[in-house]
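Colleague: Got a structure here, written out as structure tokens. Questions coming.
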Amino acid sequence: PPVLEFLKSTNLEGDGDQVGEIQFQGHDSSNNEIMYAHIVVSGADVTNASEAGLMDISIMHSGSGIGPNSFLKMGGDSSNNASIVFNEDASTVDFRVESVNEDEAILLDASADTLYINKGEAAFETIIGNTNDEALRIDAEGVVINEDSHANIDFRVETNAEDQASFVDAGANTIYINKGQTDVTSTF
666 PPVLEFLKST
676 NLEGDGDQVG
686 EIQFQGHDSS
696 NNEIMYAHIV
706 VSGADVTNAS
716 EAGLMDISIM
726 HSGSGIGPNS
736 FLKMGGDSSN
746 NASIVFNEDA
756 STVDFRVESV
766 NEDEAILLDA
776 SADTLYINKG
786 EAAFETIIGN
796 TNDEALRIDA
806 EGVVINEDSH
816 ANIDFRVETN
826 AEDQASFVDA
836 GANTIYINKG
846 QTDVTSTF
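For the sequence shown, the numbering used here begins at 666 and goes up steadily by one.
This is the structure in structure tokens:
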């Protein structure tokens, strides 16, 4: 298959040096030349046997006038850590994941600093598990903690003075109110 290769030929490579760049340019309605997007690849670490790369995909947003904003940055480092960062420049750019029936299954609304799960309230199920089993389920039936009745998944509510103000001990099949017996008022 065809291959597009960028080879920076120098013996003076340094960490952070750019290896290649692709620019996508065009004109705006006033015939000004605009870089609408670009992809930049750098050598984050060029040390032999510890090499790591960084790719930054930037896109023009809201006519910023300062060039494309970094929307997706992927990189590694020499200690086997890698990361993917969305919206590195903290622009008002939302992050959205769709499912078959919900176009905002996961939505990070950047301008409102709000994370939504199932924003459109479709027939969408959210399950959070832990090392023991399913810990939390949210669906059309409501919210269920410890759906699979695992003995090690307890439920606890804290107050300022009591770390077990309300405590469901799954293994003991017991519900406690103010288990630590600190000076907390319980009203029913």
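We put the beta carbon where it would ideally sit given N, CA and C, even for glycine. Bear in mind the structure is a predicted one, so any value in this text is a computation, not a measurement.
Which residue or residues does DSSP assign as beta-bridge partners of Phe-760?
Modeller: Against the sequence shown, residue 760 aligns to sequence position 95. Beta-bridge pairing links Phe-760 to Leu-773.
Colleague: Under three-state DSSP, which class holds Lys-673?
Modeller: Numbered from 1 along the sequence shown, position 8 holds the residue referred to as residue 673. In the structure shown, Lys-673 sits in coil (DSSP, three-state: anything other than H, G, I, E or B).
Colleague: Which residues in the same chain have their Cβ closer than 8 angstroms to the Cβ of Phe-689, if we skip the five residues on either side of it in sequence?
Modeller: Sequence index remark: in the sequence shown, residue 689 carries index 24 (1-based). Contacts found: Met-700, Tyr-701, Ala-702, His-703.
Colleague: In three-state DSSP terms, what is Val-833?
Modeller: Taking the sequence shown and counting its residues from 1, the one referred to as residue 833 is at position 168. Residue state, collapsed to three classes: strand.
Colleague: What did DSSP end up calling Gln-846 once you bin it into helix, strand or coil?
Modeller: Against the sequence shown, residue 846 aligns to sequence position 181. It is coil, neither helix nor strand.
Colleague: Classify Met-725 as helix, strand or coil using the three-state DSSP reduction.
Modeller: To locate residue 725, count along the sequence shown from 1; it is residue 60. The answer is coil: DSSP assigns Met-725 none of H, G, I, E or B.
Colleague: Could you pull the DSSP bridge partners for Ser-707 from this structure?
Modeller: Indexing the sequence shown from 1 puts residue 707 at position 42. Answer is Gln-683, Leu-719.
Colleague: Which of the three DSSP states is assigned to Val-809 in this structure?
Modeller: Residue 809 sits at position 144 when you count from the first residue of the sequence shown. Here Val-809 sits in strand by DSSP.
Colleague: What are the residues that DSSP puts in a beta bridge with Val-822?
Modeller: The count along the sequence shown starts at 1 and reaches residue 822 at position 157. Per DSSP, Ser-831.
Colleague: What residues match up with Phe-789 in a beta bridge as DSSP calls it?
Modeller: For the purposes of this step, residue 789 is identified with residue 124 of the sequence shown, where counting begins at 1. In the DSSP output, where bridge partners are listed per residue, Phe-789 has none listed.
Colleague: Mind checking who Asn-734 pairs with in its DSSP beta bridge?
Modeller: Position 69 of the sequence shown holds residue 734. In DSSP, Asn-734 forms a bridge with Ile-724.
Colleague: Using DSSP with H/G/I as helix, E/B as strand and the rest coil, what is Ser-694?
Modeller: The residue you call residue 694 lines up with position 29 of the sequence shown. Coil.
Colleague: Considering Thr-779, what are the terminal residues of the beta strand (DSSP E) in which it resides?
Modeller: Start at 1 with the first residue of the sequence shown, and residue 779 comes out as number 114. That run of the beta strand (DSSP E) goes 779-782.
Colleague: Taking 6 angstroms as the limit between beta carbons, can you name the residues of its chain near Met-739, skipping five residues before and five after?
Modeller: For the purposes of this step, residue 739 is taken as the residue at position 74 of the sequence shown. Answer for Met-739: Met-720, Ile-749, listed in chain order.
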